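A short write-up of the structure that comes next.
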Amino acid sequence: MAFPETHERETRTLLSRHMGEEEARTLDGWRERGGYGALEKALEMEPDEIVTTVKESGLRGRGGAGFPTGVKWSFMPEKGDDPHYLACNADESEPGAFKDRELMRWTPHLLIEGCVIAARAIQAEHVYVYVRGEFFEVIRILNRAVTDAYEAGYLGEDILGSGWGCDLTVHVGAGAYIAGEETGMLSSIADGRAEPRIKPPFPAQSGLFGDPTTVNNVETLSSVPMILDNGADWYRQWGSDDSPGTKLWCCSGHLNRPGNYELELGMPLKDIIHDVCGGVPEGRQVRAVFPGGSSTPILSRDELDCETTYEGLSEAGSALGTASPIVMDESTCIVRAMRRVAHFYAHESCGQCVQCREGTAWVTKILERIERGGGEMEDLDTLYDLCEQMTGKTICVLADSVVFPLESSLDKFRDEYEAHIKHDRCTATA
Amino acid sequence: MSDEVELHPAVAGAQPYMRAETQGENSAPEDAPLFDDGAGRERLEKVLSRYPTRRAALLPLLNYAQERNGWVSRPAMKEIAGELDLTPAYVHSVATFYTMYNQRPVGKYLIQVCTNISCDLCGGEEVLERFLEETGTRPGETSEDGLYTVMEVECLGACGFATVVQVNDEYYEDVTPERVPEILDELD
Ligand SMILES: Cc1cc2nc3c(=O)[nH]c(=O)nc-3n(C[C@H](O)[C@H](O)[C@H](O)COP(=O)(O)O)c2cc1C
Ligand code: SF4
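Respectively, the protein sequence lines represent chains A and B.
Residue numbers 802 to 1231, in our numbering, belong to the letters of the first sequence in order.
Residue numbers 583 to 770, in our numbering, belong to the letters of the second sequence in order.
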């Protein structure tokens, strides 16, 4: 069982503090570590107070879009007769991201505790945790924890004698990236096929089974207990005003020490790559990085000074996304890398929108042709055209997820694409 | 399935469903019923108790079909449709939306090699090649002895440990082509 490496610049006192401790997985071990203390506190608070605390902490959603969590919770309507739901997004499938898996396999009770606190805040009676099907190890661990939490009265009716209760059900997917998109996930649970739908209405108005629903990511919910335990100001001692706290960074690709690292938001990207992850293999240099997972605009070697906050990466022309830098050294053919990324999104398009279904497939075909040898200069214009047609015209942003890396790679590595076309092979890696 | 009694309804629809015990020569026949015995009925009831609609039990029951039989046959889809008041065509359209439901029996060991970007950067293609070579199969095809089916798979969500390979319900991390024979040896 792989365990993420640690580094002295990590803030391993928060989210990841019990990773690597087998005992922390068990209910007793979790209680010994102060577990479920935040829940006890939350049970004595009014739902509004919980929402306010999380709002003040500035916690932002860790599923990719970075929407402020407390604000999202406040969109839930007044509780009436209709049920409210919380859907925990544990579908982790953005290429490059592997943090939710790590959180759930090491500290499943942390997630359960976060789910119950959030459920109380939005007055949900049922939490569905949607775990991607491939995560069987996680599922076993989570199932054990959920069963134990029910037995100990942390789940179910009348939690810890508070007079309030909620249920939690583990719901397992079956291999479809698009089930990670929030409305796709809700369709997957309620109807079967994970087909996103147009927003508005947003899930807070009409979500699971047509009732008010909040969707939150695993890391978001796992961050909630410590905020309730210690307060909003405490949380704000890390990070920036707009990006408070710490975050798990999933570092992969050509790195000497790839892995998950919990870092204060704001560390320069180049420090994460060179210091924390030990840089790229000896004798080589970084060529390019997808800083927030494969759907974020590519950065070249000269752009790595940026601060890794939501605002810092957006100023650099990219995005924090899932905080999953995929690092490529000089041995990487950009055309091939981009083809591989495009192929993924083409494979995962649910097919509802023509621009996405046809666009992702066409882009992939053109990139394959350029990679193999046989591309033409006009192909580059066609790719730009396709990017334009695929932007902002579809039900969900899967189509845009190809445009961001593709268009930025065409802008920044145009000479590589051109050389590839001219020589019918990669000259950059020769 | 003997521990069915102990399965908490909260996790009843969430059991691992890729298992050597029900794959390869252990695969159930096409028409093996799902809900005709105590275990099947109990699972059905537990799953249904967690959702306000019957339709929402669809994925959990497809999962169950594969857990029990090793694959999801047409008759199994029909049986699920009957229990949930859906048409068989609807259930089929859902089952085929997802990549993890086997629509025909697979080898005892279903080997899925990630070749997505992070694994590709670290040699995922070579790992895939080596698995195909060692098992003497082509992608998606089951070896003659019924032991292995090797496939390419999209991102498995463990990118820091490339190349990632899933064998049934287990992950193998940091796999190199050199480690492939050893992994295959350990399996059987
Ligand atoms: C194509 C696509 C795939 C997504 N996949 C995931 C995912 O696997 N996990 C996740 O938490 N969010 C994913 N999201 C983001 C969700 O739609 C949603 O914004 C998020 O779960 C909300 O939680 P948060 O506010 O806590 O971040 C995806 C979005 C899109 C457009
Ligand atoms: S953009 Fe693509 S994935 Fe999203 S709904 Fe449309 S076709 Fe489906």
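C-beta: ideal position from N, C-alpha, C; glycine also.
Bear in mind that the values here come from a model prediction, so they are computed numbers and not experimental data.
At least one CB of chain A closer than 8 Å to the CB of residue i: is that the case?
| i | result |
| --- | --- |
| residue 605 of chain B | no |
| residue 748 of chain B | yes |
| residue 751 of chain B | yes |
| residue 634 of chain B | yes |
| residue 683 of chain B | yes |
| residue 671 of chain B | no |
| residue 592 of chain B | yes |
Give the residues of chain B in contact with residue i, contact being defined as C-beta atoms less than 8 Å apart.
| i | result |
| --- | --- |
| residue 902 of chain A | 739 and 740 |
| residue 1202 of chain A | Within chain B, no residue comes near residue 1202 of chain A; the closest Cβ sits about 13 Å away, beyond 8 Å. |
| residue 1141 of chain A | 697, 698, 699 and 702 |
| residue 857 of chain A | Per Cβ cutoff of 8 Å: no residues; residue 857 of chain A is ~32 Å from chain B at best. |
| residue 1148 of chain A | 736 |
Following the continuous beta strand (DSSP E) through residue i, name the residue where it begins and the one where it ends.
| i | result |
| --- | --- |
| residue 748 of chain B | 747 to 749 |
| residue 1054 of chain A | 1047 to 1054 |
| residue 766 of chain B | Element bounds for residue 766 of chain B: not the beta strand (DSSP E) but the alpha helix (DSSP H), 762 to 769. |
| residue 1187 of chain A | It is not in any beta strand (DSSP E) - residue 1187 of chain A instead sits in the alpha helix (DSSP H) that spans 1179 to 1191. |
| residue 613 of chain B | Counting along the chain, residue 613 of chain B falls outside any beta strand (DSSP E), and DSSP gives it neither H nor E. |
| residue 1274 of chain A | It is not possible to answer for residue 1274 of chain A, since the shown part of chain A is limited to 802 through 1231. |
| residue 651 of chain B | Looking at the DSSP string, residue 651 of chain B is not in any beta strand (DSSP E); the run it does join, the alpha helix (DSSP H), is 640 to 651. |
| residue 1218 of chain A | From DSSP, residue 1218 of chain A is part of no beta strand (DSSP E) but of the alpha helix (DSSP H) over 1215 to 1224. |
| residue 812 of chain A | Here residue 812 of chain A belongs to no beta strand (DSSP E), and DSSP marks it neither H nor E. |
Which chain A residues are close to residue i, counting only those with a beta carbon under 8 Å from its beta carbon?
| i | result |
| --- | --- |
| residue 644 of chain B | 975 |
| residue 598 of chain B | 937, 940 and 941 |
| residue 641 of chain B | 972, 973, 974, 975, 989, 990 and 993 |
Can you name the residues of chain A whose CB is closer than 7 Å to the CB of residue i?
| i | result |
| --- | --- |
| residue 700 of chain B | 896, 897, 1053, 1054 and 1127 |
| residue 680 of chain B | 975, 976 and 977 |
I need the boundaries of the alpha helix (DSSP H) containing residue i, first residue and last residue.
| i | result |
| --- | --- |
| residue 901 of chain A | 900 to 907 |
| residue 734 of chain B | Run containing residue 734 of chain B: none in the alpha helix (DSSP H); it sits in the beta strand (DSSP E), 730 to 735. |
| residue 1113 of chain A | 1111 to 1116 |
| residue 927 of chain A | Here residue 927 of chain A belongs to no alpha helix (DSSP H); instead the beta strand (DSSP E) covers 927 to 932. |
| residue 999 of chain A | Unbroken run through residue 999 of chain A: none, as it is neither H nor E. |
| residue 1022 of chain A | 1019 to 1031 |
| residue 1147 of chain A | 1135 to 1149 |
| residue 662 of chain B | 656 to 666 |
Taking only beta-carbon positions, decide if residue i is within less than 8 Å of chain B.
| i | result |
| --- | --- |
| residue 1075 of chain A | no |
| residue 837 of chain A | no |
| residue 971 of chain A | yes |
| residue 1138 of chain A | yes |
| residue 990 of chain A | yes |
| residue 868 of chain A | no |
| residue 944 of chain A | yes |
| residue 947 of chain A | yes |
| residue 968 of chain A | yes |
| residue 821 of chain A | no |
| residue 951 of chain A | yes |
| residue 891 of chain A | no |
| residue 934 of chain A | yes |
In chain B, which residues lie with their C-beta within 7 Å of the C-beta of residue i?
| i | result |
| --- | --- |
| residue 1061 of chain A | 742 |
| residue 1095 of chain A | 699 |
| residue 1111 of chain A | None at all; the shortest Cβ gap to chain B is about 21 Å. |
| residue 813 of chain A | Within 7 Å Cβ-Cβ: nothing; residue 813 of chain A doesn't reach chain B, min ~16 Å. |
| residue 1133 of chain A | 703 |
In chain B, what lies closer than 9 Å to residue i by C-beta?
| i | result |
| --- | --- |
| residue 1010 of chain A | 633, 634, 635 and 638 |
| residue 1018 of chain A | Simply none; closest approach about 13 Å. |
| residue 1145 of chain A | 698, 699, 736 and 737 |
| residue 1221 of chain A | Residues of chain B passing the Cβ test: none, with the nearest at roughly 17 Å. |
| residue 1169 of chain A | Those within 9 Å of residue 1169 of chain A in chain B number zero; the least Cβ separation is about 14 Å. |
So which residues on chain A does residue i lean against when the C-beta distance must stay under 9 Å?
| i | result |
| --- | --- |
| residue 675 of chain B | 993 and 994 |
| residue 595 of chain B | 970, 971, 972 and 973 |
- Neighbouring residues (CB closer than 6 Å to any heavy atom of ligand 2): A:979, A:997, A:1150, A:1151, A:1152, A:1153, A:1154, A:1157, A:1158, A:1195, A:1196, A:1197, A:1199 and A:1200
- the segment 971 to 979 of chain A in contact with the segment 917 to 927 of chain A per 3-pair CB rule at 8 Å: no
- Query: Are the segment 895 to 912 of chain A and the segment 873 to 885 of chain A touching, with three or more C-beta to C-beta distances below 8 Å?
  - Reply: no
- Item | Sufficient close CB pairs (3 or more, under 8 Å) joining the segment 659 to 672 of chain B to the segment 633 to 648 of chain B | yes
- Item | Inter-stretch contact at 8 Å, needing at least 3 Cβ pairs: the segment 1031 to 1038 of chain A / the segment 903 to 913 of chain A | no
- Is it a yes or a no for the segment 645 to 656 of chain B touching the segment 594 to 605 of chain B, going by three-plus beta-carbon pairs under 8 Å? yes
- Message: Between the segment 983 to 990 of chain A and the segment 687 to 701 of chain B, can you find at least three pairs of beta-carbon atoms closer than 8 Å?
- Response: no
- Are there three or more Cβ pairs, one per stretch, closer than 8 Å when the segment 692 to 701 of chain B is compared with the segment 726 to 746 of chain B? yes
- Query: Between the segment 1131 to 1147 of chain A and the segment 1216 to 1230 of chain A, do three or more beta carbon pairs fall short of 8 Å?
  - Reply: yes
- Determine contact between the segment 1091 to 1103 of chain A and the segment 1209 to 1229 of chain A, defined as no fewer than three beta-carbon pairs at a distance below 8 Å. yes
- Spell out a yes or no on whether the segment 844 to 853 of chain A and the segment 1107 to 1120 of chain A are touching, meaning 3 or more CB-CB pairs, one atom from each, closer than 8 Å. no
- Message: Quick check: the segment 1053 to 1067 of chain A against the segment 1026 to 1033 of chain A, are at least 3 beta-carbon pairs closer than 8 Å?
- Response: no
- Within the chosen definition, does the segment 814 to 824 of chain A reach the segment 990 to 1002 of chain A through at least 3 CB pairs nearer than 8 Å? no
- Three or more beta-carbon pairs under 8 Å between the segment 935 to 948 of chain A and the segment 587 to 597 of chain B, yes or no? yes
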